[in-house]
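First comes the structure, then the notes that go with it.
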Amino acid sequence: MRIAVIGTGYVGLVSAVGFAHLAGHEVICVDTDRELVDRINHGEPVLHESGLPELLREVIAAKKLRATTDYAEALANVELVLVCVGTPYLPNGAIDLCYVESAAKSIGAELVRSPNYVVVAVKSTVVPGTTEGLVLPLIELASGLRAGQGFGLAMTPEFLREGVALEDFLHPDRLVLGAYDDRSYSALEQLYAAHQVPKQRVNLRTAELTKYVANAYLALHISFANEIALLAERLGSIDVREVLEGVYLDKRHAPEIDGQRVQPQVLNYFVPNCGFGGSCLPKDVMALTHKSRELGFPPPLLDGITVINRKMPQHLVERVSAKLGGLRGVTVAVLGLAFKPGTDDVRESPALPIIQALVARGAYVHAIDPLAGAILNFKAAADNPERVEYFTSLADGLTGAAAALLVTPWPEFDVPAKDYAHALAGGALFFDGRCRRDPAEFTAAGLIYDGIGYAK
Ligand code: NAD
Numbered sequence: 004m005r006i007a008v009i010g011t012g013y014v015g016l017v018s019a020v021g022f023a024h025l026a027g028h029e030v031i032c033v034d035t036d037r038e039l040v041d042r043i044n045h046g047e048p049v050l051h052e053s054g055l056p057e058l059l060r061e062v063i064a065a066k067k068l069r070a071t072t073d074y075a076e077a078l079a080n081v082e083l084v085l086v087c088v089g090t091p092y093l094p095n096g097a098i099d100l101c102y103v104e105s106a107a108k109s110i111g112a113e114l115v116r117s118p119n120y121v122v123v124a125v126k127s128t129v130v131p132g133t134t135e136g137l138v139l140p141l142i143e144l145a146s147g148l149r150a151g152q153g154f155g156l157a158m159t160p161e162f163l164r165e166g167v168a169l170e171d172f173l174h175p176d177r178l179v180l181g182a183y184d185d186r187s188y189s190a191l192e193q194l195y196a197a198h199q200v201p202k203q204r205v206n207l208r209t210a211e212l213t214k215y216v217a218n219a220y221l222a223l224h225i226s227f228a229n230e231i232a233l234l235a236e237r238l239g240s241i242d243v244r245e246v247l248e249g250v251y252l253d254k255r256h257a258p259e260i261d262g263q264r265v266q267p268q269v270l271n272y273f274v275p276n277c278g279f280g281g282s283c284l285p286k287d288v289m290a291l292t293h294k295s296r297e298l299g300f301p302p303p304l305l306d307g308i309t310v311i312n313r314k315m316p317q318h319l320v321e322r323v324s325a326k327l328g329g330l331r332g333v334t335v336a337v338l339g340l341a342f343k344p345g346t347d348d349v350r351e352s353p354a355l356p357i358i359q360a361l362v363a364r365g366a367y368v369h370a371i372d373p374l375a376g377a378i379l380n381f382k383a384a385a386d387n388p389e390r391v392e393y394f395t396s397l398a399d400g401l402t403g404a405a406a407a408l409l410v411t412p413w414p415e416f417d418v419p420a421k422d423y424a425h426a427l428a429g430g431a432l433f434f435d436g437r438c439r440r441d442p443a444e445f446t447a448a449g450l451i452y453d454g455i456g457y458a459k
C-alpha cells in the first residue's frame with residue numbers, strides 16, 4: 004500500500020519505519036518541522052528508540068520511506084493516510100485537538116486532487132467522538148467530498164510503549180480497527196496484513212474509548228498501589244511490598260499454569276512509585292476525566308488517579324527532607340530524568356517536580372541519567388534551574404551526595420548496594436522511589452534505606 008504518515012514523533016516515525024519494513028508498503032512521512040524531516044531523510048531519528056536508526060536507514064536505502072513538509076507531494080498518490088500528530092492537554096485537562104484539526108484541513112485540501120479512494124485513519128489518541136465529530140466534517144469541508152463516498156475514515160489506536168516501541172509495533176498484542184465504512188475496514192486489514200494477531204473490528208467511537216480505557220486501567224493500578232503505600236506509611240511497621248505480594252499471590256491474580264505460578268505483567272503496574280509520567284498516561288486520564296465531566300458525569304475514580312499521582316513527587320521530597328532533617332545546602336543525587344527506562348523522553352517525568360521541589364527547598368542536585376539525550380531534553384523542559392549539575396555516570400553523580408533518590412528504574416542503577424556505599428558519603432540515605440531494592444542489602448552496606456510505602 005502507498006501510505007502517508009502525518010506527524011513523525013514517537014508513534015508516527017516508529018509506525019512509518021515499521022510499515023516500510025513490512026513487505027508491500029511504501030511510506031511517505033509528513034511533518035511541519037523541517038529539521039525533523041531533514042533528519043529522517045538523512046537516516047538520523049531525533050528520538051531514542053532501540054533499533055530505530057538501523058531500520059530507518061535500511062528502509063531509506065531501499066527507497067521505501069522518505070519524508071517531506073509538503074502535504075501535496077505526500078498525498079499525491081496514496082491509498083491510506085495515518086494521522087499521528089500530538090494530542091497534548093490544555094491547562095484544564097481537556098485534550099488539545101489543534102494539531103488534529105490542522106492535519107485534517109490539510110489532508111482534506113489535498114483529497115480533492117486524489118484519483119484514489121483515500122482512507123484517512125486516525126492513530127493519535129483522541130477522545131470518543133473526535134474522528135466522526137471533528138475529523139470527518141473538517142475533511143468534508145476542505146475537500147468537498149463525502150465520507151464513505153469520496154474518502155474513507157478509520158480510527159486505529161496505537162498501544163506501543165516508548166523504549167520498546169519498534170518491538171511493540173512489529174508484535175502488538177492486538178489491533179483495534181475502527182472504521183466508518185466497509186472499504187475503510189478493508190484498507191485497515193490490508194495495512195495490517197502482515198500482523199498475525201487478534202484484530203477487533205469495532206466502530207470509531209469504540210476504538211477511541213478502548214485506547215483511553217487501556218491507559219486508565221494501567222494508571223489505576225499505580226495510583227491504587229500508591230494510595231495503599233501512603234496508608235501503610237501512616238500505619239507504620241509495614242513494607243507495602245509484603246502487603247501487595249500477599250494480594251497478588253491470590254490465584255485469581257497469579258494463576259497456576261502447568262504447575263507454575265504465573266505473574267501477569269499487569270501486576271508490574273500494581274507497585275507504588277514516585278508517580279507515573281510520560282506523554283500518555285497522565286494526559287489520557289485527564290482527557291477522559293474531562294470528557295466525562297463535560298457529559299455531566301464527574302468520574303470520582305478517574306479523578307482520584309490524577310489526584311494521587313500528583314501527590315507522589317512532592318511526597319517523596321517530603322519524606323527525604325524529613326529523613327535528612329531538612330534539605331538546605333544538602334547535595335542530593337536524583338537517579339533518572341527520563342520518565343521510564345529505554346527512552347530519552349522526559350515529558351511529565353516525575354523527575355521534573357522532584358528536582359524543582361528539591362531546589363526550592365535549598366538542596367543542590369546531581370541529576371543523573373545514562374542517556375545524554377534525556378539530559379538535553381530535561382534541561383529544555385526544566386528551564387535549567389540553578390544548583391543542578393548533570394551526569395551520565397552513576398558513580399560521578401553519587402560522589403559527594405548525602406542521599407540518592409531512585410526515580411527512573413534504569414538497569415544502570417541496579418548496581419550492588421556496596422557500590423552506592425562506596426560512592427556516597429558514609430551513612431548516606433538511599434531513597435527508593437520505585438519499590439525496587441532490598442532494604443537489607445543497603446543496611447548491610449552501611450547506608451540508610453527508605454522508600455515509598457516503606458515504614459519499618
Ligand atoms: P509527538 O509529539 O512525539 O509527535 C507529534 C509530531 O506531529 C511532531 O513531530 C509534530 O511536529 C507533528 N505535527 C504536529 N502538527 C502537525 C501537522 N499539522 N502536520 C504534520 N505534522 C504535525 O507525539 P507522539 O508521542 O508520537 O504521539 C502522537 C499521538 O499518539 C498522540 O495522540 C499520543 O497520545 C499517541 N500515542 C503516543 C504514544 C507514545 O508512547 N508516545 C503511544 C500511543 C499513542
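In this text, residue positions in the sequence shown follow my numbering: the first is 4, and each later residue adds one. Where a beta carbon is used, it is the ideal one built from N, C-alpha and C, also for glycine.
Take L100 as the anchor and find which of Y215, A290, N271 and A77 has the nearest alpha-carbon.
-> Looking only at Y215, A290, N271 and A77, the smallest Cα-Cα distance to L100 is reached by A290.
List the residues that DSSP assigns as beta-bridge partners of T71.
-> Answer is V33.
Please check the pair G166 and P344, which I expect to be a contact at CB under 8 Å, by giving their CB distance rounded to whole angstroms.
-> 6 Å
Any chance the segment 209 to 226 sits against the segment 118 to 135, with 3 or more Cβ pairs inside 8 Å?
-> yes
Start and end residues, beta strand (DSSP E) containing Y452 = First-last of the beta strand (DSSP E) with Y452: I451 to G454.
Under 6 Å Cβ to Cβ from P356, same chain only, skipping five residues before and after it: list those, please.
-> Cβ neighbours of P356 beyond the five flanking positions: P316.
Touching or not, the segment 235 to 255 and the segment 323 to 335, by the rule of three or more beta carbon pairs under 8 Å?
-> no
Are L169 and E52 close, meaning C-beta to C-beta below 7 Å?
-> Yes. Within cutoff.
Measure the alpha-carbon distance for G111 versus E143 and round it to whole angstroms.
-> 7 Å
Inspect the beta-carbon positions of L338 and V288 and report whether they are closer than 7 Å.
-> no
Can you list, in chain order, the residues of its chain whose CB lies under 7 Å from that of S226, leaving out five sequence neighbours each side?
-> G307, I308, I311 and N312
Is the segment 214 to 221 touching the segment 440 to 449 in the sense that three or more CB pairs, one from each, lie closer than 8 Å?
-> They do not touch, by the three-pair rule.
Spatially closest choice to G429 from Y452, D34, D417 and V30, by CA coordinates | Distances from the CA of G429 to each of Y452, D34, D417 and V30 were compared; the closest alpha carbon is that of Y452.
If you count every other CB in all the chains shown that lies within 10 Å of the CB of A325, and 16 or more means buried, which is it?
-> exposed
Option in S282, F433 and R149 with minimal Cα separation from A404 | F433
How close, in whole Å, do the beta carbons of L340 and S352 come, if the pair is a contact with beta carbons under 8 Å?
-> 6 Å
By DSSP, does E170 sit in helix, in strand, or in coil?
-> helix
Round the Cβ separation of E104 and L141 to the nearest angstrom and send it over; I've been treating them as touching at under 8 Å.
-> 6 Å
What is the rounded straight-line gap between the Cα of A407 and the Cα of L374?
-> Each residue's alpha carbon lies about 18 Å from the other.
Could you tell me which of F172, L173 and V115 sits nearest to R149, measuring between CA atoms?
-> V115
Could you say which of N276, G151, H198 and I371 lies nearest to S473 if we only look at CA atoms?
-> No statement about residue 473 is possible, as the shown extent of the chain runs from 4 to 459 and does not include it.
Mapping DSSP to helix, strand and coil, what is I311?
-> helix
Could you spell out the range, first to last residue, of the beta strand (DSSP E) harbouring T334?
-> It spans T334 to L338 - the beta strand (DSSP E) in which T334 sits, taken as one unbroken run.
Of the choices K286, R296 and R244, whose alpha-carbon is the least far from that of N271?
-> R244
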